[in-house]
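Residue numbers (our numbering): 1352 to 1846.
Spelled out as structure tokens, the structure:
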């Protein structure tokens, strides 16, 4: 289907914008050809697509500053983009906005072992940080499944987590500082190599802000010493409820594993058939529990987890006996998304977080929803912190399937909020969950959040149409009880 073009007014202004950008970023740094723009038409949420007005690929902070200053003067919107691996439409282009890609910012600027931190540009991949420090026995803890491709700037924008976030935290817990360009072109620094900074926690506000407050051009992250010993256990159960009960008992026992992942039978089968990870095919749920630390501590905790699992009714137990076997256990879970792609033409990855003890209730309700919509769902969880990633399976070539998948996914997220959870654990709100924000926040809550955006972006030019279901003009936001009026969002074509 052909993409809708911008309106005549924007088309008339487009040549001016392209010319100004090419003066700022010479060579191949500006992309305006329609076929080349298609590379940037969506992020990992591929149900929504839109050609950007133009794409600009700067290489320096000075260029980013000049681009934002120019667009600010012209009243042109900006959509920041990292690697495009996001799953909530946070980097979805707008027909009347410049997409600012940061893929050329891929240098590791400094590794400071004395202060246990690394200074990197936002286009550096998550895994590249670990690879850069591995020789000295260090690593970067957050490890989303897309860590081979996702960039650290995107990690900060979405507050990415991963399998080891239970013990070592999300991006926000491993972030020390950023350099950021404001919409008017000003460059600011928040935090640094020190562990904490005085004043308001603006760094905390920036983390997870989804490109609404500024464009990040440098990131300082904490690096950790690799644990002396790591051991993984596979624990199988004859029901999802029993697996969830085991998760609760491990945490209640005062044990904080390095990682604790859970998957249901459909996910287990898909992963094991995709790559041999040693997963049993005759269980209804499977836990991958990783323990790390000094060898004596890991040995002791392994025994305790085995005992807890046995008391919780485990029907399968296997403990890794080598580093190679531990990595084998993780291969399946790290391949969750591509493995599910082999059993369904299309799938939609959801992301919500619930209190751990509500897992059995939520899974039972999801089973009912699956029957209601006539769509299968495979479940993988960051079980320790209650972060769910249901994979709703559908066929986009079947009339109505995409609509059903979206409605199914929305019901799952509403359920997460209903049981005391939140709409997102790490993927962000973007456009996917934008219209569900009212299920979690009151209108006053949302107005207060937008007051913060107004402090950074008075003209509302940074990533508009994302996160908030109702936009208020900043001029009106000075009054806390303003009705605001709903502003129309740009049409977002969906496929």
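Every residue gets a Cβ at the ideal spot worked out from N, C-alpha and C, and that includes glycine.
Note that the coordinates shown come from a computational prediction; the quantities given were computed from them, not determined experimentally.
| Asked | Found |
| --- | --- |
| Candidates 1617, 1815, 1824: closest to residue 1448 by CA position | 1815 |
| Other residues of its chain near residue 1354: CB distance less than 6 Å, five sequence neighbours each side excluded | Low per-residue confidence applies at residue 1354: pLDDT is 44, beneath 50, and the placement is therefore not dependable enough to give any value. |
| Per-residue burial, residue 1525 [other beta carbons within 10 Å of its own, 16 or more giving buried] | buried |
| Rounded straight-line distance, which links the Cα of residue 1754 to that of residue 1747 | 9 Å |
| Residue 1515 beta carbon less than 7 Å from that of residue 1492 | yes |
| Which listed residue (1504, 1824, 1421) has its alpha carbon closest to that of residue 1367 | 1421 |
| Separation of residue 1547 from residue 1558, as counted between CA atoms | 15 Å |
| Residue 1352 versus residue 1543: straight-line alpha-carbon distance, rounded | A caution first: residue 1352 carries a pLDDT of 40, below 50, which makes its placement in the model unreliable, though a value can still be read off. Straight-line Cα distance between these residues: approximately 47 Å. |
| Uninterrupted alpha helix (DSSP H) stretches inside the segment 1668-1723 (no shorter than 4 residues) | 1674-1685, 1687-1691 |
| Residue 1740 (DSSP reduced to helix, strand or coil) | strand |
| Neighbourhood of residue 1373 by C-beta distance below 7 Å, restricted to the same chain and skipping five residues each side | 1381 |
| Pairwise C-alpha distance: residue 1740 and residue 1706 | 14 Å |
| The segment 1651-1663 / the segment 1590-1598 touching (three or more Cβ pairs under 8 Å) | yes |
| Three CB pairs or more closer than 8 Å across the segment 1527-1543 and the segment 1404-1421 | yes |
| Backbone secondary structure at residue 1490 - three-state DSSP | strand |
| Continuous alpha helix (DSSP H) assignments of at least 4 residues falling wholly in the segment 1497-1558 | 1503-1509, 1516-1519, 1553-1557 |
| Validate contact between the segment 1623-1642 and the segment 1676-1686 using beta carbons, cut 8 Å, 3 pairs | yes |
| For residue 1468, the three-state DSSP class (helix, strand or coil) | strand |
| Same chain, Cβ closer than 7 Å to residue 1440, neighbours up to 5 away in sequence not counted | 1394, 1396, 1399, 1781, 1782, 1783 |
| Spatial distance of residue 1838 from residue 1742 (CA atoms) | Only weak support exists for where residue 1838 lies, its pLDDT of 42 falling under 50; the value from the coordinates is given anyway. Rounded to the nearest angstrom, the two C-alpha atoms are 33 Å apart. |
| Best match in 1494, 1761, 1523 for proximity to residue 1508 [C-alpha to C-alpha] | 1523 |
| Simplified DSSP state of residue 1661, which is helix, strand or coil | helix |
| The beta strand (DSSP E) enclosing residue 1644, as first and last residue numbers | 1636-1644 |
| Reduced DSSP secondary structure (H/G/I, E/B, other) of residue 1576 | strand |
| For residue 1452 and residue 1408, believed in contact at Cβ under 8 Å, the rounded distance | 5 Å |
| Extent of the continuous beta strand (DSSP E) run through residue 1451 | 1448-1452 |
| Start-end ranges of the alpha helix (DSSP H) lying completely within the segment 1718-1805, minimum 4 residues | 1752-1769 |
| For residue 1341, three-class secondary structure by DSSP | The displayed coordinates of the chain run from 1352 to 1846. Any statement about residue 1341 would go beyond what the structure contains. |
| Segments assigned beta strand (DSSP E), at least 3 residues, entirely inside the segment 1596-1621 | 1610-1615 |
| Contact the segment 1559-1574 vs the segment 1487-1507: 3+ CB pairs below 8 Å | yes |
| Residue 1768 beta carbon less than 7 Å from that of residue 1791 | yes |
| Three CB pairs or more closer than 8 Å across the segment 1595-1609 and the segment 1730-1740 | yes |
| Endpoints, beta strand (DSSP E) assigned at residue 1428 | 1428-1432 |
| Cβ pair residue 1823, residue 1801 closer than 7 Å | yes |
| Classification of residue 1498 by the beta-carbon crowding that lies within 10 angstroms, buried from 16 upward | buried |
| Contacts around residue 1817, its chain only, beta-carbon distance under 8 Å, and the 5 residues preceding and following it disregarded | 1440, 1441, 1443, 1561, 1562, 1563, 1780, 1781, 1782, 1785 |
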